[in-house]
Amino acid sequence: MLTRRDILRSVANGFGLVGLAQTLGAGAPLASRQPHFAAKAKHVIFLYMNGGVSHVDSFDPKPMLAKYDGQPSPLGNPKTERKTGNLMASPFAFSRHGQSGLEVSELFPRAASVIDDVCVVRSVTTDIPNHPPAMLMLSNGRNVLGTPSLGSWVTYGLGTENQNLPGFVVLCPGKPIAPGAELWTSAFLPGVYQGTHIQNVKDTDDPARLIPFLRNPRLDAAAQREQLDLISRLNAAHHEMRPGDAELEASIQSMEIAYRMQAEAMDAFDLRKESLSIREAYGSSDFGRGCLLARRLVERGVRCVQVFYGAGQPWDHHADIMMHQKLAPAADQGFAALVGDLKQRGLLDETLIFFAGEFGRTPTAEISVRQFLQNGRDHNPYGFTVLLAGGGVKGGMAYGATDDFGWHAVDRKVHVHDVHATMLHLLGFDHTRLTYHYSGRDFRLTDVEGEVIQGIVA
Amino acid sequence: MTGPRTLLVLLAAAPALWASPEDLFESRVRPVLASQCSACHAKTRMGGLRLDSREALLAGGNTGPALVPGDPDGSLLVQALRYEHARLRMPPAGKLDAAAITAFEEWIRAGAPWPETAAAAADPLFWSFQPVRRVEPPAVQDRKWVRSPVDAFILAKLEETGLRPAPFAGRREWIRRVAFDLTGLPPAPETVDAFLADSSPEAAARVVDRLLASPRYGERWARMWLDLARHADDRLIGAAPYAWHYRDWVIRAFNEDMPYDRFITAQLAADLLPDGRRDLAALTIFTESPSEVTDDDRVDVLTRGFLGLTVACAQCHDHKYDPVPTRDYYSLLGIFRSTRNREIPLAPEAEVAAYRARKKALDDWQSDLKQYQLTESMQVGEMLAAQSARYMLAAAGMDDAADLDRETLDRWKRYLARTDRQHPYLRAWDAAPGRKAAEEFQELVLAVIREKKGVDAYNRAVSLGFTTGMMLGKVVGRTMDRAKFMLWQDLLAEGNRGGGVVNSNATEDGILYYKGQTVERFLPDQRRRHLDGLRARVEAARGEVPPEFPYLLAIEDLPEPVKQHVYVRGNPDNPGEVAPRRFLTVLSKGEPPAYGSGSGRLELARAIASRDNPLTARVIVNRIWQQHFGQGIVRTPSNFGMNGDRPSHPELLDFLAGRLMDSGWSLKTLHREIVLSSVYGLSAEGVAANERADADNRLLWRAKRRRLEAESLRDAVLAASGSLDLSEGGPPLPLADPGNVRRSIYGFISRGKTDPMLMLFDFPNPNTTAEQRVPTNVPSQRLFLLNAEFMLQQAERLAARLTGGPEARIREAYRLLFQRLPAEAEMEAGLAFTKSEGRWPAYAQALLASNEFLYVD
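Chains as they are written, first to last, in our numbering: chain A, 367 to 824; chain B, 36 to 892.
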């Protein structure tokens, strides 16, 4: 068994603790730790555009699509989930923005205004054009169930800075489609690294309704303090009879932290404490409010926040790509406000923002019989766009490219594994060494793949 | 003895040291082939390669010949050994030392002679694949310490390393430990008193026998298996209303001490056993895949659960570490693929038939009603569409509205005022409202409706028989121009108000769309009466449907087993050789025979539940041991492969595995042997001298203090408050239901929405097989203890249960919760806290939230 001194020593030695975490479940698994090497990024905010945003309608302009609108795709139609037909021009106009002159479509005018702080990676690929495996890949680095999520790995690696709040928070009003909670599971990592799912539903302004067990409905603060003092006395006496047991000591501390967490979370999750102008900047949508909550949490030292655009798979516009018009304003506003707000507060450098859906969409129109429209796009795993901002990533740049129509990544093609490797790198980790030994082998977020995309690291 | 470094020098300088290349082969090459390579490259032919004869090396594997006699640099074998090849690096667990590699080079340079000798027969296997050995307990110095044969094995190691076992736990500690351990509940105060008063040598055995005989035992130990079986009461999408029958079956199996070999066989093939009727619920385990993708899941649960082997790793490539070729994975998969899920009704046939008939009648009437309503809705919509111009003019105040429908007119008014239309057809009207524009618009509307009907009819025809979205995706239907479709949608679509897939702009009904009751005001009396009649039929039919009969979820064989191919690199579009349905090569004597008739489930079950299987008994013994001690003899309980842990006490593991099989696979006998040992009775206290040598307590010189698992914690709180309902079995209720005071194992387990308390206290993810729980210690758990309604309620009940004066109440609380009396300081603290009557619940809660309650020494 580890003594307290062992634990303190491993904390002092920084990363040493991670290797020990397995035996340390009982120790201080959430204590903040140093990564493998010095790095800028300390927090991650993952804005999950579940359902799959169309890259050719947002951040990857394809003039050739307009030129060949309605004609067969000269590159053929690679296998996707459903049948698709001819090429379809984007109904949305692109224009250049910022110093960098990056092109952004009219769906994302606010994001365009902060584009100089954003790295647009246009050559991402994933494996399977169906939601559950692709969602798992984006979140957990594998196409199948049973491995830990990105947020769990990050929290496992770095611990968290505020012991009065969960280290990894997930905001989603309702659940994303299956595999749902698997998208923030700690799987075989200790349960403390699992995302704490909070339903950030629009009409709930009261943190006590958002977070379970946060308030004692019977005892006031003074009475609870007295009760806690009694527990502490009993525990101290119990511990005295069992000297040197680090787990009992951790348990005693846990109770104290829990007591403090009641006040801390009431504050952190209370958007009413923001000024009206800030609240208006983020907008009143679930997603915008989620982005604002994410900023409040990161500001207080929470390690990782994952904000889903919405329940289900909202971006999944098979029948009519015009539907993007309905969803984009909230995503655009939340993202842009978050980038601007973090920058203004000097937190952008240490916060890595990741804006991504599980795949892109086809440049061709889908021609299934649903809804009698052929104005939508199917899933495209062969090439799509993700955005990164802050946390030591280069702003105002586009990395890689898809072909003339947006089918396949062709220039500096990367995989989701590479994006994960890069994110871990920006957080100070060699992704091949952030491992956990389970069932006889070392597991890691990037499975056996992944290369850091050096070209986007500032 | 010559060290590797010296050998290297000798070999390099004077190869003639060996009398002949044959000698070199026998002393330096063959032993390495046998110990490092043969597990994967003999019988199992990983990568298509055998390394057990010269011919085999020359023939090579998938990558080509392994050996070019006379040319070490050109031989793949050497390249792989040197770790120079781009992909092939062997052995995978780590490069051989330089001397060994040099020996291979020399041997090949000399022409790679391979004398046929008896030595070739020797084929040392990895420890876990070797047969379970017969072992006798070793001799020890301190024979008094040995209470059970188990102790001899533990003590021998301790004596060997010079470690002194910790003192024994007190009798109170011991009975609390064994009670929680065997039943997941604290011992009743009377039981403790009786035990403390019983000084006979059989006192402990009597306690253990009583605990093992209690139904509470199965309720505790079934959970270990249910974790492994990734059991839950629903699916990621959809329900599994009768999965609880499996949970009850597992509990019963433990309580009846069902022989473990039978326990295995029933889960794979109860339907094929002559006396299997009682065990049909066991078959549910392989229907419990969390999603429709079942392949990997079932092989994984089977092989990790029963065999401690990670066979699912071989889905895309030969196993990286264990002798499991991809073909073996597909051999097992073929067995599952040759089955299908089936519902076994748990009601008399007549009842089932009656239900099905009535249900069908109801479905038919409902469908008739829906169809009629749909038709009426559409007809009313078209009727109104044909009056579009009149409504538009009236809405604009250009015509009188006397005979128009009020609501429709309002809808038109709102619609004409909208600016976010997705079609251009009202632009003329917007620019110059008037009769001409209105009539042109009306004409267009009628044309669009006609077009839509044509498209619908065509699509219905081509998609006939396809009902799901995925299937529809394969059919090319006709579509409409977007603007026209939007127009149609604005007027006539039924609004899509929910659902995850946002495929339609229409979140609201079209302005001419009426359904249900609202459509009726447009209908002539006759039709309205017809509708009323249909509704009455539906209601009557609904009343006649009896409650659905319960059923078991099970698997059964397909009429014809499938011919399963290896999927090259795991890709079903790239089928390779046929993988015959049969057992794993490494666990078979010689080439495993293909299973003949049916799926082969029964043969598979027999091969697993066999005395000859080296893994089955070892794996279950280790699991039981792990539950008792907090760590297994092998600390990777579901991986006994190369990459798994090595046993700390291999002889003990074999001894217990042998005992288990000799006892007729009785798990209760095994428990008894373990918990009545000295090593089980040790105190959790540290011994300073041991901490340095074995801080991990791998040699078990003391007990491990453990936090109660989620279920035990909840059950113990309920037991303390006197609320625990001990009724057994039956359908699950959510644990969070305020009225649910049954044991936690009977709670509803959800794959997508884990109960918050279970989640906080380390309940494993029910979507994959879970080999052990990882206990954590985090503040959010303490928030539960401090604030959860459950804790507050139970604390109130506990407080209400305490009777007498303050001191008596405190004493009673300590006896109930901690099986002891309070010390003086504890009594004082309690009295000081409870100075007013209203403080008793808060006091009771403090005790329930204290470490002494949460931890078992």
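By construction, the Cβ of each residue, glycine as well, lies at the ideal position given by its N, Cα and C atoms.
Quick test of your reading: residue i and residue j, contact by CB under 8 Å. State the CB separation rounded to the nearest angstrom.
i	j	result
Ala640 of chain B	Thr300 of chain B	4 Å
Ala473 of chain B	Ala424 of chain B	4 Å
Thr521 of chain A	Phe809 of chain A	Contact doesn't hold; Cβ gap of about 15 Å is too wide.
His421 of chain A	Phe750 of chain A	5 Å
Where does residue i sit, in a helix, a strand or coil, going by DSSP?
i	result
Arg572 of chain B	helix
Asp438 of chain B	coil
Ala884 of chain B	coil
Val714 of chain B	helix
Thr300 of chain B	helix
Ser324 of chain B	coil
Gln672 of chain A	strand
Ile819 of chain A	coil
His354 of chain B	coil
Thr443 of chain B	helix
Ser62 of chain B	helix
Thr410 of chain B	helix
Arg694 of chain B	helix
Thr338 of chain B	helix
Lys763 of chain A	At residue 763 of chain A the sequence reads Met, which differs from the Lys that was named. Strand, per DSSP.
Glu732 of chain A	strand
Let me know if residue i comes out buried or exposed under the rule of 16 or more other beta-carbons within 10 Å of its beta-carbon.
i	result
Thr454 of chain B	exposed
Asp611 of chain A	buried
Cys348 of chain B	buried
Leu46 of chain B	Per-residue confidence for Leu46 of chain B stands at a pLDDT of 39, beneath the threshold of 50, marking its modelled position as unreliable; the derived number appears in the next sentence. Leu46 of chain B comes out buried.
Gln406 of chain B	exposed
Gly442 of chain A	exposed
Leu896 of chain B	Chain B is shown only over 36 to 892; residue 896 of chain B falls outside these bounds and no answer can be derived.
Glu171 of chain B	exposed
Gln561 of chain B	exposed
Cys351 of chain B	exposed
Gly774 of chain B	exposed
Ser539 of chain B	Residue placement at Ser539 of chain B is flagged as unreliable, the pLDDT there being 49, under the threshold of 50; the coordinate-derived value follows with that caveat. It counts as buried.
Ser643 of chain A	exposed
Ser650 of chain A	exposed
Tyr493 of chain B	exposed
Ala392 of chain B	exposed
Ala621 of chain A	Note that residue 621 of chain A corresponds to Met in the displayed sequence, not to Ala. Its Cβ being crowded by 16 or more others within 10 Å, Met621 of chain A is buried.
Leu587 of chain B	buried
His565 of chain B	exposed
Pro499 of chain A	buried
Trp209 of chain B	buried
Lys703 of chain B	buried
Length-filtered (4 minimum) alpha helix (DSSP H) runs lying within the region 249 to 292 of chain B: 250 to 263 and 279 to 290
Cβ-based contacts, 9 Å cut-off: residues of the region 319 to 335 of chain B near chain A: Pro325, Ser326, Val328, Asp331, Asp332 and Asp335
Uninterrupted alpha helix (DSSP H) stretches inside the region 448 to 481 of chain B (no shorter than 4 residues): 462 to 466
Members of the region 584 to 614 of chain B near chain A, C-beta cut-off 7 Å: none
Unbroken stretches of the beta strand (DSSP E), 3 residues or longer, contained in the region 465 to 495 of chain A: 468 to 471 and 484 to 491
3 or more residues per run - each beta strand (DSSP E) lying fully within the region 780 to 815 of chain A: Secondary structure remark: continuous beta strand (DSSP E) runs of at least 3 residues inside the region 780 to 815 of chain A, in chain order: 801 to 804 and 807 to 810.
Contact residues within the region 821 to 855 of chain B, judged by C-beta distance below 7 Å to chain A: Hits within the stretch, in order: Leu821, Asn822, Ala823 and Leu827.
Sequence ranges, alpha helix (DSSP H) only - wholly within the region 588 to 641 of chain A, length at least 4: 612 to 634
Proximal residues, the region 348 to 368 of chain B versus chain A, C-beta separation under 7 Å: none
Under 9 Å (Cβ pairs) to chain A, residues found in the region 807 to 821 of chain B: Of all residues in the region 807 to 821 of chain B, Arg808, Val809, Pro810, Thr811, Asn812, Val813, Pro814, Ser815, Gln816, Arg817, Leu818, Phe819, Leu820 and Leu821 have a Cβ within less than 9 Å of some Cβ in chain A.
Interfacial residues, the region 420 to 438 of chain B to chain A, with Cβ spacing under 8 Å: none
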